[in-house]
Amino acid sequence: MTDLHRKQGWFVPAIKHLHELLLHDATNTVKFFKADLISLVVNKHDVISVLIQSLSTYQLDVWNKTHGHVTIETSVDDRFTYEESIKIHLDLLSLLLKKGCFYLVLKRSEELWDLLITNEKASFLNRELGFTWFITC
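Quick note on our numbering: the sequence shown kicks off at 60 and runs consecutively.
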């Protein structure tokens with residue numbers, strides 16, 4: 060979280076790992092703990108704005124490295140495709156909102172909408188994933 064707050068790059072593997080940890084269901088005790096953990100992550104570490112910022116950083120990095128020729132298969136770190144990276148960010152954001160019973164405040168909704176839909180650097184894939192996310196979340 061500290062590195063994300065300092066805006067030192069984007070950390071798709073860490074975001075994916077956090078998503079998998081929070082997604083895992085075990086016992087009722089763990090579910091209660093999970094709700095507390097989600098609340099802590101969202102409230103104390105402002106992970107929602109951190110995720111949006113990370114997504115923005117990633118989008119800009121990919122855009123600059125491909126000179127605007129972003130495709131589904133574009134990969135910057137040789138581990139995740141562009142599509143996988145965007146989905147990982149959006150999946151964690153969705154999980155935090157749904158399992159933590161949070162709402163996306165207007166300011167964050169507008170930031171995410173601008174980033175994925177109206178941004179001049181948003182690709183067709185960004186728009187498609189963005190529309191789908193806003194409809195299903």
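Where is the CB? At the ideal position from N, CA and C, for every residue including glycine.
- Item | alpha helix (DSSP H) segment containing residue 171, residue limits | According to the DSSP assignment, residue 171 belongs to the alpha helix (DSSP H) that extends over 165 to 172.
- Whose C-alpha, out of 133, 144, 128, 136, is nearest the C-alpha of residue 76? Looking at 133, 144, 128, 136, the one whose alpha-carbon comes closest to that of residue 76 is 144.
- Do residue 122 and residue 166 have their C-beta atoms closer together than 8 Å? Their beta carbons are not under 8 Å apart, which means residue 122 does not touch residue 166 by this criterion.
- Query: Roughly how far, in whole angstroms, is the beta-carbon of residue 107 from the beta-carbon of residue 155, given that I think they are within contact range, below 8 Å?
  - Reply: Going by Cβ atoms, the distance from residue 107 to residue 155 rounds to 7 Å, so yes, they are a contact pair.
- residue 146: which of 170, 161, 113, 158 sits nearest, CA to CA? It is 113 whose Cα lies nearest to the Cα of residue 146.
- Query: So residue 158 and residue 97 are in contact, right, with Cβ under 8 Å, and what is the actual spacing, rounded?
  - Reply: Correct: roughly 6 Å between the Cβ atoms.
- Task: Let me know the secondary structure DSSP gives residue 162 once reduced to three states.
- Result: Secondary structure of residue 162 (DSSP, three-state): coil.
- Query: When the Cα of residue 196 is compared with those of 183, 182, 171, which residue comes out closest?
  - Reply: Out of 183, 182, 171, 171 has the C-alpha closest to the C-alpha of residue 196.
- Task: Using beta-carbon positions only, say whether residue 174 and residue 111 come within less than 8 Å of one another.
- Result: With respect to residue 111, residue 174 sits close: the two C-beta atoms are nearer than 8 Å.
- Cβ atoms of residue 161 and residue 253: under 8 Å apart, would you say? Missing from the structure shown is residue 253; the chain here goes from 60 to 196 and no further.
- Query: Taking buried to mean at least 16 other C-beta atoms within 10 Å of its own C-beta, is residue 169 buried or exposed?
  - Reply: Looking at its Cβ environment, which holds fewer than 16 other Cβ atoms inside 10 Å, residue 169 is exposed.
- Residue span of the alpha helix (DSSP H) that contains residue 133, given as start and end: Run containing residue 133: none; DSSP gives neither H nor E here.
- Task: Check residue 105 in the structure and name its three-state DSSP category.
- Result: DSSP places residue 105 outside both helix and strand once states are collapsed to three, so it counts as coil.
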